[in-house]
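Asker: For reference, the structure I am asking about is given below.
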Amino acid sequence: MSSPAPSPLAPAPEPGPATPVDIRPEDYYRVAQDFLAGQSHVMRAYEALGDGLRDLSGAAGDDEPAQKFAESYTPAVRNIFDGFVRLHELLGGIARGIAASAENHRRADAEAAGADPGGGFPPLWPDKCPAAAEPPPILGDGDSNLLARISDWANPYYPNGDVARMHDVAGKFAAARDGVTTIADDLHAQLRSLASNTLPKTSTRWRRSGGASPSVRQHCWRRCPPPATP
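Residue 118 in full-length UniProt numbering is what sits at position 118 of the sequence shown, and the numbering runs on without skipping anything.
Okay, here's the thing in structure tokens:
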């Protein structure tokens, strides 16, 4: 009686990266500090947008077209403000995570060397962002020009919004969009420098922080353009 044929061997494992990953704990900690600084940049952009909109309160006027505009404008601005708060928290969480990775790599190197020289990285404490503020009112006096007031009295369908100030409102949103884009591009570049030969996974993690949903950075960027169009 012949013996059964031997079962086929399992396939060889996939080869690892052709280029070894050069992990330096101090590089991780530096990037963690960059993300912590990113929180400050986000807060400045958020405050600049809020202050700018407060200075332009009432630009839309108070007639029926203005009220219809405010029905969509105000919820959109709430979403933008909420996006800034969430982005601020996200960057703080990433900073702490990368700092923890830096310390873990440092300890692993020490264990491999058989001695820990001490002097670990100090913990990072991200800032806490206050709750999102209520959007400044877009409804108000609008155009205070005497001609506009007379025209409004003579023709109730004449819009009493201040066109120049509404363009300024759009400019505030465009500046916020550009600010968020600059912050995101800079931090993305820092991640690229951290592990260039594992870039596909790093890029995917950055683009989709939070699983299947779009990242907060994308949320902010997408929300800014519509109100930025007068």
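For each residue, glycine too, the CB sits at the ideal point set by N, CA and C.
This one's a predicted model, so the numbers in the text were calculated from it and none came from an experiment.
1. Can you tell me whether Gln-67 is buried or exposed, with buried defined as 16 or more other CB within 10 angstroms of its CB?
2. What does the alpha-carbon distance come out to for the pair Phe-84 and Ala-184?
3. Using the Cβ count rule (16 or more neighbours within 10 Å means buried), how would you classify Lys-128?
4. For Ile-94 and Asp-186, what's the separation of their Cα atoms in angstroms?
5. Are there 16 or more other CB atoms within 10 angstroms of the CB of Val-42, so buried, or fewer, so exposed?
6. Does any C-beta atom of chain B lie closer than 9 Å to the C-beta of Ser-57?
7. Using the three-state DSSP reduction, which class does Arg-24 fall into: helix, strand or coil?
8. Apart from the five residues just before and just after Gly-38, which ones in its own chain have a Cβ nearer than 7 Å to its Cβ?
9. Name the two residues that bound the continuous alpha helix (DSSP H) containing Leu-191.
10. Is DSSP giving Lys-68 helix, strand or coil here?
11. Between the Cα of Leu-56 and those of Val-180, Ser-193, Ala-189, Asp-162, spot the shortest distance and give me the residue it belongs to.
12. Buried or exposed: where does Arg-106 fall if 16 or more other Cβ atoms within 10 Å of its Cβ makes it buried?
13. Would you tell me roughly how many angstroms separate the C-alpha atoms of Asp-51 and Ala-70, rounded to the nearest one?
14. Where Asp-63 and Arg-78 are concerned, what is the direct C-alpha to C-alpha distance, given to the nearest angstrom?
15. Find out if the Cβ-Cβ distance for the pair Pro-65, Ala-99 is shorter than 9 Å.
16. State buried or exposed for Ser-213, treating a residue as buried only when at least 16 other CB atoms are found within 10 Å of its CB.
Answerer: In terms of the structure at hand:
1. As a first step, residue 67 is located in the sequence shown; it is residue number 67 there, counting from the start. By the Cβ neighbour-count rule, Gln-67 is exposed, with fewer than 16 other Cβ atoms within 10 Å of its own.
2. As a position in the sequence shown, residue 84 is number 84, starting the count at 1. As a position in the sequence shown, residue 184 is number 184, starting the count at 1. Spanning the two alpha carbons is a distance of roughly 12 Å.
3. Stepping through the sequence shown from its first residue, residue 128 is reached at position 128. Classification of Lys-128: exposed, given that the 10 Å Cβ count is below 16.
4. In the sequence shown, residue 94 corresponds to position 94, counting from 1. In the sequence shown, residue 186 corresponds to position 186, counting from 1. Rounded to the nearest angstrom, the two C-alpha atoms are 15 Å apart.
5. Walking along the sequence shown from the start, residue 42 turns up at place 42. Of the residues assessed, Val-42 falls on the buried side of the cut-off, its CB having 16 or more other CB atoms within 10 angstroms.
6. Of the protein chains in this structure there is only one, and it is not chain B.
7. On the sequence shown, residue 24 is found 24 positions in, with the first residue counted as 1. Here Arg-24 sits in coil by DSSP.
8. The sequence position of residue 38 within the sequence shown is 38, counting from 1. Correct list, in chain order: Leu-91, Ile-183, Leu-187.
9. Translated into positions along the sequence shown, residue 191 becomes position 191. For Leu-191, the uninterrupted alpha helix (DSSP H) segment begins and ends at 163-194.
10. Counting from one through the sequence shown, the residue named residue 68 turns up at place 68. In the structure shown, Lys-68 sits in a helix (DSSP, three-state: H, G or I).
11. Residue mapping note: residue 56 aligns to position 56 of the sequence shown, counting from 1. Of Val-180, Ser-193, Ala-189, Asp-162, the smallest CA-CA separation from Leu-56 is found for Asp-162.
12. On the sequence shown, residue 106 is found 106 positions in, with the first residue counted as 1. Its Cβ being crowded by 16 or more others within 10 Å, Arg-106 is buried.
13. Residue numbering aside, residue 51 sits at position 51 when the sequence shown is read from its first letter. Residue numbering aside, residue 70 sits at position 70 when the sequence shown is read from its first letter. It is roughly 19 Å from the alpha-carbon of Asp-51 to the alpha-carbon of Ala-70.
14. Translated into the one-based positions of the sequence shown, residue 63 becomes position 63. Translated into the one-based positions of the sequence shown, residue 78 becomes position 78. Taking the Cα positions, Asp-63 is about 22 Å away from Arg-78.
15. Taking the sequence shown and counting its residues from 1, one reaches residue 65 at position 65. Taking the sequence shown and counting its residues from 1, one reaches residue 99 at position 99. Cβ atoms of Pro-65 and Ala-99: not closer than 9 Å.
16. Here residue 213 refers to the residue found at position 213 of the sequence shown. In this prediction, Ser-213 has a pLDDT of 48, which is less than 50 and means its spatial position is unreliable; nothing more can be read from the coordinates.
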